[in-house]
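Taking it in order: structure first as structure tokens, then the write-up.
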Amino acid sequence: MERIGFIGTGEIAAAMVAGLTGRGHQISVSERNGAMAAALAAQFSDVTIATNEQVVSDSDTVFLCLLADVAREVLPDLPFRDDQRVISVMVDVALAELRTLCAPVNEIAITIPLPSIAVGGSALPVYPDSMALRSLFGDTDMIIPCGSEDALNAHFAATALASPILDQMCEGARWLAALTGDQTASEQYVVTVFAGFLRSMIENPETSFEDLLDSLATEGGLNATLRTHMRDTGAVDALSEGLDALKPRLRLAD
Ligand SMILES: NC(=O)c1ccc[n+]([C@@H]2O[C@H](COP(=O)([O-])OP(=O)(O)OC[C@H]3O[C@@H](n4cnc5c(N)ncnc54)[C@H](OP(=O)(O)O)[C@@H]3O)[C@@H](O)[C@H]2O)c1
Numbered sequence: 000m001e002r003i004g005f006i007g008t009g010e011i012a013a014a015m016v017a018g019l020t021g022r023g024h025q026i027s028v029s030e031r032n033g034a035m036a037a038a039l040a041a042q043f044s045d046v047t048i049a050t051n052e053q054v055v056s057d058s059d060t061v062f063l064c065l066l067a068d069v070a071r072e073v074l075p076d077l078p079f080r081d082d083q084r085v086i087s088v089m090v091d092v093a094l095a096e097l098r099t100l101c102a103p104v105n106e107i108a109i110t111i112p113l114p115s116i117a118v119g120g121s122a123l124p125v126y127p128d129s130m131a132l133r134s135l136f137g138d139t140d141m142i143i144p145c146g147s148e149d150a151l152n153a154h155f156a157a158t159a160l161a162s163p164i165l166d167q168m169c170e171g172a173r174w175l176a177a178l179t180g181d182q183t184a185s186e187q188y189v190v191t192v193f194a195g196f197l198r199s200m201i202e203n204p205e206t207s208f209e210d211l212l213d214s215l216a217t218e219g220g221l222n223a224t225l226r227t228h229m230r231d232t233g234a235v236d237a238l239s240e241g242l243d244a245l246k247p248r249l250r251l252a253d
């Protein structure tokens, strides 16, 4: 049994709590956001609500799920101990700064959850590698240890692929529904097509994106025609440029 605390009870904390609940842990969440904390405590019998101070006092492992400015204001006053583990999910607070904010904690890691952690099967890049993270999520999610903080931050940038790609799928489903008259069936069709491609890569790790693209590259075919159109109109370059534009915020060299 682990005593696990969450400072900052927002969207990502709620997803992580949902992923951890029911496994014999004692989970405390901080009072803000009040509605989210109350909903988690009402839904899960192993979740209690506490002040920030109590969450830290009562936990072996503390997850930091705050926005950076709030973290800088709140963390220095909390009663961290040197026998605790801290795992931050915050994009904008570097490891060196965390060491100061959470002194005297020695074991500090940064990971990158996404909301799908609620149901398991998600990917968790982490730096430095964390036995605490592995013991809590290693059975349900894929832990990806990164070789450096820069490599971790590059994964933070890559998480931003999610909404533009979902947006394209959404637009494709909307286009289909305009012709079929059934939005739900169109979304299910698009998602099933992609789930099939993605499953084939996960089940066969030797399969690359290039392999899948090759299988869709029949000259003059519908896929090749639309892909060429997207490249010619700059949509693919725009994606790379957008990722590059995230580098300064993530302290990544150009
Ligand atoms: N959402 C994601 O998918 C995701 C993924 C990876 C990493 N992250 C990182 O996770 C962090 C949180 O993101 P989020 O999307 O979960 O944001 P969020 O929903 O806004 O959660 C932040 C929470 O902090 C609470 N808070 C504000 N002041 C506080 C204080 N003094 N003490 C304790 N809690 C306080 C807020 O409560 P109030 O609403 O009452 O102000 C809110 O519930 C960010 O640093 C982000 O980079 C998020």
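Using numbering that gives the first Met the number 0, the first residue of the sequence shown is number 0, and each one after it goes up by one.
Just so it is clear, CB atoms sit at the ideal spot from N, CA and C, and this is done for glycine as well.
So, with DSSP's three-state summary, where would you put T47? Within the sequence shown, residue 47 is the residue found at index 48, counting from 1. In this structure, T47 counts as strand in the three-state DSSP scheme.
| DSSP three-state assignment for M130, whether helix, strand or coil | For this step, residue 130 is matched to residue 131 along the sequence shown. Helix at M130.
Self-check item: Beta-carbon proximity of T60 to E30, cut-off 9 Å
Solution: As a working note, residue 60 is residue 61 in the sequence shown. As a working note, residue 30 is residue 31 in the sequence shown. Not in contact: T60 and E30 (Cβ atoms no closer than 9 Å).
Beta-carbon proximity list for A37, same chain, < 8 Å, skipping 5 on both sides:
Taking the sequence shown and counting its residues from 1, the one referred to as residue 37 is at position 38. The residues are I48.
Give a single yes or no on whether A3 has its beta carbon closer than 8 Å to a heavy atom of ligand 1. Taking the first residue of the sequence shown as position 1, residue 3 is located at position 4. The displayed chain sequence assigns Ile, not Ala, to residue 3. False, no ligand heavy atom lies under 8 Å from that Cβ.
Checklist line | Coil, strand or helix - L63 by DSSP | finding: On the sequence shown, residue 63 is found 64 positions in, with the first residue counted as 1. Three-state DSSP puts L63 in a strand.
- Item | the region 106 to 126 touching the region 83 to 95, judged by at least three CB pairs closer than 8 Å | yes
Determine the direct distance from the alpha carbon of Q187 to that of T179, and round the result to whole angstroms.
-> The sequence position of residue 179 within the sequence shown is 180, counting from 1. The sequence position of residue 187 within the sequence shown is 188, counting from 1. Cα to Cα, T179 sits roughly 13 Å from Q187.
Task: Outcome for R215 when other beta-carbon atoms lying within 10 angstroms are tallied against a minimum of 16 - done: Counted from its first residue, the sequence shown places residue 215 at position 216. One point to set straight first is that residue 215 is Leu, not Arg, in the sequence displayed. Burial call: exposed.
- prompt: Mind checking whether L66 and E148 have CB atoms under 9 Å apart?
  reply: Stepping through the sequence shown from its first residue, residue 66 is reached at position 67. Stepping through the sequence shown from its first residue, residue 148 is reached at position 149. No, Cβ-Cβ distance for L66 and E148 is not below 9 Å.
Nearest by alpha-carbon distance to A244: which of E52, G146, L160, L123 is it?
Counting from one through the sequence shown, the residue named residue 244 turns up at place 245. For A244, the nearest C-alpha among the options comes from L160.
**Report entry** E218 - partner residues in DSSP beta bridges
**Finding:** To locate residue 218, count along the sequence shown from 1; it is residue 219. None, per the DSSP bridge assignment.
*Is F5 helix, strand or coil when you go by DSSP?*
The residue you call residue 5 lines up with position 6 of the sequence shown. Note: F5 maps to strand in three-state DSSP.
Could you give the first and the last residue of the continuous alpha helix (DSSP H) run that contains V16? Counted from its first residue, the sequence shown places residue 16 at position 17. That run of the alpha helix (DSSP H) goes 10 to 19.
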